[in-house]
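Residue numbers (my numbering): 1 to 396.
Read the structure below first, then the notes.
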Amino acid sequence: MTPAIAIIGAGPSGLLLARLLQHLGNIPSTIFELDLSSSARGQGGTLDIHEESGQRALERAGLTSEFRKLMRPEGDRLRLADKTGFIHIDEDTPGEKRPEIDRAQLRQLLIDSVPAKSIEWSSKVASVQPTPDGRFRIIFANGSEDPRNFDFVVGADGAWSHVRPLVTDVLPFYSGISSVEVRFRDVDKAHPEISKLVGQGTYCCLSDEKACFAQRQGDGSIRNYTMLRAPESWIDDCGIDFSNPQATKAAMVERYFDDWSEANKDLIRLADEDYVIARKLVMLPTDHRWTSRPGVTLMGDAAHVMTPFAGEGVNNAMVDALELAEKVVPALRDGSAGKMQENLAKAVKEYEEAMFARIHVIAQETLHNLTVFFAKNAPLGFKEMMEGLKASHRDV
Numbered sequence: 001m002t003p004a005i006a007i008i009g010a011g012p013s014g015l016l017l018a019r020l021l022q023h024l025g026n027i028p029s030t031i032f033e034l035d036l037s038s039s040a041r042g043q044g045g046t047l048d049i050h051e052e053s054g055q056r057a058l059e060r061a062g063l064t065s066e067f068r069k070l071m072r073p074e075g076d077r078l079r080l081a082d083k084t085g086f087i088h089i090d091e092d093t094p095g096e097k098r099p100e101i102d103r104a105q106l107r108q109l110l111i112d113s114v115p116a117k118s119i120e121w122s123s124k125v126a127s128v129q130p131t132p133d134g135r136f137r138i139i140f141a142n143g144s145e146d147p148r149n150f151d152f153v154v155g156a157d158g159a160w161s162h163v164r165p166l167v168t169d170v171l172p173f174y175s176g177i178s179s180v181e182v183r184f185r186d187v188d189k190a191h192p193e194i195s196k197l198v199g200q201g202t203y204c205c206l207s208d209e210k211a212c213f214a215q216r217q218g219d220g221s222i223r224n225y226t227m228l229r230a231p232e233s234w235i236d237d238c239g240i241d242f243s244n245p246q247a248t249k250a251a252m253v254e255r256y257f258d259d260w261s262e263a264n265k266d267l268i269r270l271a272d273e274d275y276v277i278a279r280k281l282v283m284l285p286t287d288h289r290w291t292s293r294p295g296v297t298l299m300g301d302a303a304h305v306m307t308p309f310a311g312e313g314v315n316n317a318m319v320d321a322l323e324l325a326e327k328v329v330p331a332l333r334d335g336s337a338g339k340m341q342e343n344l345a346k347a348v349k350e351y352e353e354a355m356f357a358r359i360h361v362i363a364q365e366t367l368h369n370l371t372v373f374f375a376k377n378a379p380l381g382f383k384e385m386m387e388g389l390k391a392s393h394r395d396v
């Protein structure tokens, strides 16, 4: 018997799971994705893919060669500064333990690794409903239903997952940090001084519970994420018109970064005139878990959304896909329906218990980093943390 498997969400974890099921067990699956196509919208900035997690998952999926063609070892370079522009750390030694790749490139690599017919684009899932026979029905936002019933549904549909309500009523909450993203497309020609400041990696500036994270992208552009501690309602009631990039840049500098160095202010005020995105950073509790339910589970942000301050979100989403596939593939080898469902329920529970333990540590580390990055004495705490890690011969 071939089980009917639905994966909700064509992000890194959902796509990688589909690839691993096919690669390790020749098991087909259907991915439901709300985007109209792979190029329908921007996919965000750059990611560092860790050797012990994300790279390991890609290797198991047989995708290391494709990844190495796209990765940027030099993207791991870090420059740490304070609001005066003083450079506290300048790590300029590229390596391959945590190379960078643009999120869009990683997603396309994974899309190309699965059968085209397995992805159902323009399929915005509104809910997943159990059926009387213990299977699941997919309900779309337009009110229609998929005609199939599924034996196994995996929610890989992000922070506001529509699959999560099947296993828990816990929702993400505001982390206390808001972000305003700007971009420099033709930065080498238009703003060579900013290009030099950021280099080929990341320029991180921390002071007064505020931050700028400027990152080089694979196409040579730079994205700058300006962040600050703020009330949850800040984006809505701060009085800044975030639909107007020019007004946003001027207001951010005048109200929040007026005493920062001219070079740091340039990271905001000289950015492109047609691009700004304001967002609230959300997270789930660091000890989030649920009681296992046969036939359904979660991965990635749907299971453990966290802030980006340890670079672990996508890496652990990819480990989720790997560990779930390694549990599920053997469980599905028994052809009888009853035995298969019993084996699958056991496999999913084992995956979840291991994932809960792994993520608890990572989520606590991420929350600790948030407090360090946005401390009143930053960047001193982060500098001490980096120096301590270096002294203990750990990779940062």
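All C-beta atoms, glycine included, are put in the ideal place defined by N, C-alpha and C.
Of the residues the options, which one's Cα is nearest the Cα of residue i?
i: Gly62; options: Val114, Arg255 and Arg72; result: Val114
i: Thr64; options: Ile7, Ile49 and Glu342; result: Ile49
i: Leu171; options: Ser178, Ser179 and His162; result: His162
i: Leu78; options: Glu59, Arg98, Arg19 and Arg60; result: Arg98
i: Ser233; options: Ile8, Glu181, Ala126 and Ala278; result: Ala278
i: Ala4; options: Phe140, Glu59 and Thr30; result: Thr30
i: Glu323; options: Arg60, Asp151 and Thr46; result: Arg60
i: Ala156; options: Leu15, Glu365, Gly338 and Val329; result: Leu15
i: Ala363; options: Met306, Val187, Lys327 and Glu66; result: Met306
i: Pro147; options: Val154, Ile139 and Val153; result: Ile139
i: Ala345; options: Val319, Ala18, Thr297 and Val282; result: Thr297
i: Glu181; options: Val153, Ala230, Pro245 and Phe152; result: Pro245
i: Phe86; options: Leu367, Ser207 and Met1; result: Ser207
Is residue i buried or exposed, if buried means 16 or more other CB atoms sit within 10 Å of its CB?
i: Pro132; result: exposed
i: Asn142; result: exposed
i: Leu36; result: exposed
i: Met299; result: buried
i: Pro12; result: buried
i: Gly295; result: buried
i: Met1; result: exposed
i: Leu284; result: buried
I need the straight-line Cα distance from residue i to residue j, nearest angstrom please.
i: Asn316; j: Gly44; result: 18 Å
i: Pro28; j: Asp272; result: 44 Å
i: Gly199; j: Ser53; result: 26 Å
i: Leu106; j: Val314; result: 11 Å
i: Leu228; j: Lys210; result: 4 Å
i: Leu370; j: Asn26; result: 41 Å
i: Ala303; j: Arg164; result: 8 Å
i: Thr248; j: Leu24; result: 49 Å
i: Glu352; j: Arg333; result: 20 Å
i: Leu58; j: Leu110; result: 9 Å
i: Glu66; j: Glu51; result: 15 Å
i: Phe309; j: Lys383; result: 14 Å
i: Arg255; j: Asp236; result: 16 Å
i: Gly381; j: Glu365; result: 14 Å
i: Val187; j: Ser144; result: 46 Å
Quickly, what does DSSP pair residue i with across the bridge? List them, please.
i: Glu74; result: Per DSSP, none; premise fails for Glu74.
i: Arg333; result: None; Arg333 has no bridge partner.
i: Asn149; result: Arg137
Within the same chain, show all residues whose beta-carbon is closer than 7 Å to that of residue i, passing over the 5 residues directly before and after it, in chain order.
i: Arg289; result: Phe356
i: Pro130; result: Phe136
i: Ala18; result: Ile7, Ser29, Ile31, Val114 and Ser118
Quick one: residues in its chain with C-beta nearer than 6 Å to the C-beta of residue i, no 5 flanking neighbours on either side, listed in chain order?
i: Phe32; result: Ile8, Glu120, Ser123 and Val125
i: Val167; result: Trp290 and Arg293
i: Gly280; result: The question names Gly, but residue 280 in the sequence shown is Lys. Tyr174 and Ser178.
i: Leu80; result: His88, Ile89, Cys204 and Pro379
i: Asp102; result: Thr46, Gln217 and Gly218
i: Gln215; result: Gly45, Thr46, Thr202 and Arg223
i: Glu100; result: Thr46, Asp48, Arg72 and Gly75
i: Thr84; result: Ser261
In chain order, what residues of the same chain lie with their CB nearer than 8 Å to the CB of residue i, ignoring the 5 residues before and after it?
i: Arg183; result: Ser221, Ile222, Arg223, Asn224, Ala271, Asp272 and Tyr275
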